[in-house]
Amino acid sequence: MGSDPLFLHGITLAVILIVIVKVVVAFAVLLVSVLLMIWFERKVLSDMQNRIGPNRAGPFGILQTLADGTKLFFKEDLVPESADRAVFKLAPYLSVIPAFLVFAIVPVGGVVHIFGHTTELQVADPPMGILFLLVMSSISVYGVTLAGWSSGSKYPLLGGVRATAQMISYEAAMGLSIAAVVLISGSLSTRDIIISQMGTYLGFIPKWNLIRLGVVPFLIFLVAITAEMNRPPFDLVEAESELVGGFHTEYSSLRFALFFLAEFMNTVTMSAVIVTLFFGGASGPDIIGPSWIWPIIWFLVKTGVFLYFYVWVRAALPRLRYDQLMTMGWKVLIPASLAWFLIVAGMQVSSYLGFAVFVIVLILAAFLSRASGIGNLGEQFRLGRSRSVGKGVE
Amino acid sequence: MIDLLATQIALPDLITFLIAGCAVVLGALGVVFMRNPVHSALSMIMTLFAIAILFIEQDAQFLAAVQVIVYAGAIVVLFLFVIMLLGVDKKEYLGKDRLRGQRPLAFLAVLIIFVEILTLSRGNWATGAKATVLSTTSPITNVEQIARTIFTTYLLPFEATSVLLIIAVVGAVVLVRRSEERTVGEGQAIELEAESEMK
């Protein structure tokens, strides 16, 4: 079970109880955060669109999600005549379970002492660590894909095919940007990744991976996981205006609710993962009071910023076209992440000053050749661009 | 056989092994016996996932992760993609073999492999011992050990494999490009014909 100090002195009943408590608490917190996230998203979205938004159930409409959930729970559960029944019923769970399991590797706080045991505030800290994120995201592809296929109708099938292509394309860029993080942290374990980000430069600039790696891997990771989650502007999978509802067109009642639960759980979890990988996770200065509570507060604040960011993006950006999506994934993100990975690797082994000069010259050369159109690389790139249905990525 | 299990393997490991082993076998049977290709692919995922669990039970965590990411996450997804695009409602005729004598040969091969596995499992390496004995306490994790082995002792085979993969990718791209050009050419020819007819 990795490096959690809880398991160092053998596994007793108390240890098992602590693990069970951690799992139950994590599950409950995640469910409640999903309830709040859906309300938050609708409220902020309506603010941005000059509407009022949910305001009936509870104060500020905060119980709206609960009301919607209850309504969905009592609705009729339809299975289409032409559906593949077993797979149709299996698909929602293939979305929900990975979405929940990923949260297990996110450290939400520091190390605490309870009942004479020392434990980390995260459900599991396996040696494979962040690889678990990739494992679960590769399983969750099946949820959407199989939902689309098993519905036995046209639009869901199109949604499912799109989902497969999209998620596979962006998984590569996501993996490469994670590899850059792993390279600089020297460990796969999420706990070690956070520990390696502690401390500051010059006393006030935090030693976050965001700064240590340059901003590029963070941007690539952000775009890639937004595509992995099928959130706007990458929601081609459910694209209401073209595919009715995409992969979940035929779903109703509780199974429909499960898909939404998975989507919002993913939003919360992935925000937490971004914070863990690039923003120092659950670390920050202790201001006042007990020292174990501050990491949790910092974690919640940082995660909250990204939750707001996702809502903002949804309100601000239009959906990408399919060819734009593929161009962006294969021609921009994957080469960029590969190149940056090489730069990070070079930085690890060379002396800082010489390397910085080298990289600056390289970047300047690339810019100049691109701007003047002389460079062979730039020429080819532009040709490739103009050939891909005329319009570029932006 | 039974007392070998009892002496070497702890009870939790045994339970994990039995459950995952059953899943492996059931999934493998499902791949062969399911009528629907999508169901077969799903059974295959079950097998691959259960094998990953067996790896974890042996403390080979990196191998388990890679197993799921590569096989379940990429290869079977591509199978499904192709199956979904081609449509699965086509019935295929399975009555007569295209290759004559295929089935008896297959049975023979399976028999040989089965006997081989049974023979090998009597050998002294099939003890059920973990991949790294000290993995929970020593600072050198399983992942690190694999990395050290790959990038020192087995560097040449590793790099050779990566070159092989690159060649495969480039080859695929070249093949696709060539046929694309041809179809584009055909399309242009058809367009030209249509234009000349219009004139």
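Protein chains in written order, with this note's numbering: chain B, 4 to 397; chain F, 196 to 394. C-beta atoms are modelled at their ideal positions from N, C-alpha and C, and glycine is treated no differently. Only a predicted model underlies this, so the values are computations on that prediction, with no experimental measurement involved.
Open item on the list: Mapping the DSSP letters down to three states, classify Val-126 (chain B) as helix, strand or coil.
Closed with: Sequence index remark: in the first sequence, residue 126 (chain B) carries index 123 (1-based). If DSSP states are grouped into helix, strand and coil, Val-126 (chain B) belongs with coil.
Open item on the list: Rounding to the nearest angstrom, what Cα-Cα distance links Ala-175 (chain B) and Pro-293 (chain B) in this structure?
Closed with: Here the question's residue 175 (chain B) lines up with position 172 in the first sequence. Here the question's residue 293 (chain B) lines up with position 290 in the first sequence. Roughly 42 Å between the two C-alpha positions.
Task: Euclidean distance between Cα positions of Gly-178 (chain B) and Leu-137 (chain B) - done: Along the first sequence, read from residue 1 onward, the residue named residue 178 (chain B) stands at position 175. Along the first sequence, read from residue 1 onward, the residue named residue 137 (chain B) stands at position 134. Taking the straight line from one Cα to the other gives about 7 Å.
Task: Nearest to Met-331 (chain B) (by Cα), restricted to the options B:Phe-237, B:Leu-261, B:Leu-264 - done: Walking along the first sequence from the start, residue 331 (chain B) turns up at place 328. Taking the Cα of Met-331 (chain B) as reference, the smallest distance to any Cα among B:Phe-237, B:Leu-261, B:Leu-264 is reached at B:Phe-237.
TODO: Work out the CA separation of Ile-290 (chain B) and Ile-171 (chain B) for me, nearest whole Å.
DONE: As a first step, residue 171 (chain B) is located in the first sequence; it is residue number 168 there, counting from the start. As a first step, residue 290 (chain B) is located in the first sequence; it is residue number 287 there, counting from the start. Cα atoms of Ile-171 (chain B) and Ile-290 (chain B): separation of roughly 43 Å, rounded to the nearest angstrom.
Task: Residue span of the beta strand (DSSP E) that contains Val-37 (chain B), given as start and end - done: In the first sequence, residue 37 (chain B) corresponds to position 34, counting from 1. Val-37 (chain B) -> not in any beta strand (DSSP E); alpha helix (DSSP H) instead, spanning 16-51.
Open item on the list: Check this for me: beta carbons of Thr-167 (chain B) and Phe-276 (chain F), under 7 Å apart or not?
Closed with: As a position in the first sequence, residue 167 (chain B) is number 164, starting the count at 1. As a position in the second sequence, residue 276 (chain F) is number 81, starting the count at 1. Yes, the pair counts as a contact, with Cβ atoms nearer than the cut-off.
TODO: Within its chain, find whatever has a CB closer than 7 Å to the CB of Pro-207 (chain F); leave out the 5 residues flanking it on each side and keep chain order.
DONE: For this step, residue 207 (chain F) is matched to residue 12 along the second sequence. Closer than 7 Å at Cβ, skipping near neighbours: no residue.
Task: Pro-62 (chain B) versus B:Leu-186, B:Gly-119, B:Phe-43, B:Arg-215, residue with shortest Cα-Cα distance - done: Reading the first sequence from its first residue, position 59 is the one you call residue 62 (chain B). Of the listed residues, the one whose Cα sits closest to Pro-62 (chain B) is B:Phe-43.
Open item on the list: For Val-240 (chain B), tell me which candidate among B:Lys-46, B:Leu-38, B:Ala-102, B:Gly-146 has the shortest Cα-Cα distance.
Closed with: Taking the first residue of the first sequence as position 1, residue 240 (chain B) is located at position 237. Nearest C-alpha to Val-240 (chain B): B:Gly-146.
Task: Beta-carbon proximity list for Asn-58 (chain B), same chain, < 6 Å, skipping 5 on both sides - done: Residue mapping note: residue 58 (chain B) aligns to position 55 of the first sequence, counting from 1. The answer, listed in chain order, is Gly-64.
Task: Host alpha helix (DSSP H) of Ile-264 (chain F) (start-end) - done: The sequence position of residue 264 (chain F) within the second sequence is 69, counting from 1. Premise fails: Ile-264 (chain F) is in no alpha helix (DSSP H) and is neither H nor E.
Task: Environment of Pro-95 (chain B) [buried if 16+ CB atoms lie within 10 Å] - done: The sequence position of residue 95 (chain B) within the first sequence is 92, counting from 1. Buried: at least 16 other Cβ atoms inside 10 Å.
Task: Residues, ordered as in the chain, of the region 147-167 of chain B that lie near chain F by beta-carbon distance below 9 Å - done: If the cut-off is 9 Å between Cβ atoms, the region 147-167 of chain B has Thr-148, Leu-149, Gly-151, Trp-152, Ser-153, Leu-160, Gly-163, Val-164, Thr-167 near chain F.
Open item on the list: Suppose you measure from the CA of Val-220 (chain F) to the CA of Leu-134 (chain B); what does that come to, to the nearest Å?
Closed with: Numbered from its first residue, the second sequence carries residue 220 (chain F) at position 25. Numbered from its first residue, the first sequence carries residue 134 (chain B) at position 131. Those two C-alpha atoms are separated by around 26 Å.
Task: Val-328 (chain F) - DSSP class collapsed to helix/strand/coil - done: Position 133 of the second sequence, counted from the first residue, corresponds to residue 328 (chain F). Confidence at Val-328 (chain F) is low in this model, with a pLDDT of 47, below 50, so its placement is unreliable and the value that follows should be read with caution. In the three-state reduction of the DSSP assignment, Val-328 (chain F) falls in the coil class, being assigned neither a helical nor a strand state.
TODO: Would you tell me roughly how many angstroms separate the C-alpha atoms of Ser-188 (chain B) and Phe-281 (chain B), rounded to the nearest one?
DONE: Walking along the first sequence from the start, residue 188 (chain B) turns up at place 185. Walking along the first sequence from the start, residue 281 (chain B) turns up at place 278. If you take the alpha carbons of Ser-188 (chain B) and Phe-281 (chain B), they lie about 11 Å apart.
TODO: Would you be able to state if there are at least three C-beta pairs under 8 Å between the region 216-235 of chain B and the region 331-342 of chain B?
DONE: As far as the Cβ criterion goes, the region 331-342 of chain B touches the region 216-235 of chain B, which means the pair count is three or higher.
Open item on the list: My output table needs one value for Tyr-204 (chain B): the three-state DSSP class, helix, strand or coil.
Closed with: Translated into positions along the first sequence, residue 204 (chain B) becomes position 201. DSSP places Tyr-204 (chain B) in strand when its eight states are reduced to three.
Task: Contact set between the region 227-256 of chain B and chain F, restricted to residues whose Cβ is under 9 Å from the partner - done: Of all residues in the region 227-256 of chain B, none has a Cβ within less than 9 Å of some Cβ in chain F.
Open item on the list: Taking the beta carbon of Thr-15 (chain B) as the centre, do at least 16 other beta carbons fall within 10 Å, making it buried, or is it exposed?
Closed with: Along the first sequence, one-based indexing puts residue 15 (chain B) at 12. Thr-15 (chain B) is exposed by the Cβ-count criterion.
Open item on the list: Restricting to Cα atoms, I'd like to know which of B:Ser-98, B:His-120, B:Val-115 is closest to Ala-150 (chain B).
Closed with: Counting from 1 along the first sequence, the entry for residue 150 (chain B) is found at position 147. Considering only alpha carbons, the answer is B:Ser-98.
Task: Burial state of Asp-80 (chain B) (16 or more Cβ within 10 Å) - done: The residue given as residue 80 (chain B) occupies position 77 in the first sequence. Burial state of Asp-80 (chain B) is exposed, judged by a 10 Å Cβ sphere holding fewer than 16 other Cβ atoms.
Task: Residue-chain proximity (Met-201 (chain B), chain F), Cβ-Cβ < 7 Å - done: Numbered from its first residue, the first sequence carries residue 201 (chain B) at position 198. No, its Cβ sits nowhere closer than 7 Å to a Cβ of chain F.
Open item on the list: If distances are taken between C-alpha atoms only, which option among B:Phe-370, B:Leu-345, B:Phe-259 comes closest to Phe-358 (chain B)?
Closed with: Position 355 of the first sequence holds residue 358 (chain B). Checking every option, the nearest Cα to that of Phe-358 (chain B) belongs to B:Leu-345.
Open item on the list: Tell me which residue opens and which closes the beta strand (DSSP E) that His-234 (chain F) is part of.
Closed with: In the second sequence, counting from the first residue as 1, residue 234 (chain F) sits at position 39. Note, His-234 (chain F): premise wrong, no beta strand (DSSP E); alpha helix (DSSP H) at 232-252.
- [ ] With a threshold of 16 other CB atoms inside 10 Å of the CB of Arg-165 (chain B), please say whether the residue is buried or exposed.
- [x] As a position in the first sequence, residue 165 (chain B) is number 162, starting the count at 1. Buried is the call here.
- [ ] Would you tell me roughly how many angstroms separate the C-alpha atoms of Leu-38 (chain B) and Leu-69 (chain B), rounded to the nearest one?
- [x] On the first sequence, residue 38 (chain B) is found 35 positions in, with the first residue counted as 1. On the first sequence, residue 69 (chain B) is found 66 positions in, with the first residue counted as 1. For Leu-38 (chain B) and Leu-69 (chain B), the distance between alpha carbons rounds to 7 Å.
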